[in-house]
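Asker: Mind having a look at this structure? Questions to follow.
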Amino acid sequence: MSGVVHDRDALTLGPGAGLRVPLDGVQTVGIAIPIPEPHGAFLQGKRASFNDPMAPLIPAHVTLLGPTGVPLPDFARLGDHLTEVAAGVEAFDMVLRGTGTFRPVSDVVFVQVAQGISACETLERSIRSGEWHQDLTFPYHPHVTVAHDVAESDLDRAFDDLADFHARFTVSEIWLFVQGANGAWSPVRSFPLRRRGAPS
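Counting from 10, one number per residue, gives the positions in the sequence shown under my numbering.
Right under this line is the structure:
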């Protein structure tokens with residue numbers, strides 16, 4: 010996030026109140042599924058152990074919409090859009106299992122989403138629709154990053170160390186994250202998915 014930051018410029022989004030925004034009035038946001046505890050802290054700690062400097066700034070998550078600049082006057086419409094998107098998808102089980110990599114295209118090692126892929130794809134496609142449409146550099150592939158742009162030896166270690174990782178949990182909401190002036194991402198608002206068995 011760029012721009013001159015002043016203490017008086019605060020973004021008020023419920024739990025996110027007090028986060029600073031640049032004077033250009035555009036806030037960098039992302040939409041994601043946070044990995045619940047104890048798995049989230051475990052994977053974030055592992056990312057730190059692989060010498061990834063972004064580990065303390067990014068909670069473990071599955072991305073649905075990557076970093077996107079949103080003018081502050083558009084936040085209400087974005088919230089309405091996310092409310093509608095989330096209500097259109099039923100809560101689902103997610104299974105994380107083993108590791109994968111985007112090498113040699115990108116120096117990334119990740120934990121794989123073994124179950125819940127189709128629901129993530131539906132959410133991602135719906136979020137990136139209408140006025141919020143944007144083209145993707147690469148096809149969408151849900152995953153949990155555990156090492157990015159680190160030494161080859163650390164990428165190899167991440168790939169091997171988490172090869173047997175396994176976690177199962179229920180996804181019942183998606184979250185709007187906001188990037189602070191220090192680069193850290195903070196969850197500021199959740200959007201509940203439709204309850205299982207509830208009419209669509």
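Even for Gly, the Cβ is constructed at its ideal location relative to N, Cα and C.
Please state the DSSP three-state secondary structure of residue 36.
Answerer: Residue 36: strand per DSSP, three-state reduction.
Asker: Reducing DSSP to helix, strand and coil, say where residue 183 ends up.
Answerer: Of the three classes helix, strand and coil, the one that applies to residue 183 here is strand, per DSSP.
Asker: Of the residues 186, 55, 115, 113, which one's Cα is nearest the Cα of residue 200?
Answerer: Measuring from the Cα of residue 200, the nearest candidate turns out to be 186.
Asker: Rounded to whole angstroms, how far is the Cβ of residue 180 from the Cβ of residue 125, which I believe are closer than 8 Å?
Answerer: About 7 Å separates the two Cβ atoms, so the contact holds.
Asker: Would you kindly work out how many angstroms separate the C-alpha atoms of residue 107 and residue 57, rounded to a whole number?
Answerer: Each residue's Cα considered, the two are about 18 Å apart.
Asker: Hey, is the segment 141-152 in contact with the segment 50-68, meaning 3+ C-beta pairs nearer than 8 Å?
Answerer: Segments in contact, no.
Asker: Determine which residues share a DSSP beta bridge with residue 80 and list them.
Answerer: According to DSSP, which records beta bridges pairwise, residue 80 is partnered with 35.
Asker: Are residue 132 and residue 73 closer than 8 Å when you measure CB to CB?
Answerer: Yes, the Cβ-Cβ distance between residue 132 and residue 73 is below 8 Å.
Asker: Going by other Cβ atoms of all chains shown within 10 Å of its Cβ, with 16 needed for buried, is residue 114 buried or exposed?
Answerer: Classification for residue 114: exposed.
Asker: Taking only three categories from DSSP, how would you classify residue 109?
Answerer: Strand.
Asker: Around the Cβ of residue 154, are there at least 16 other Cβ atoms within 10 angstroms (buried) or fewer (exposed)?
Answerer: Burial call: buried.
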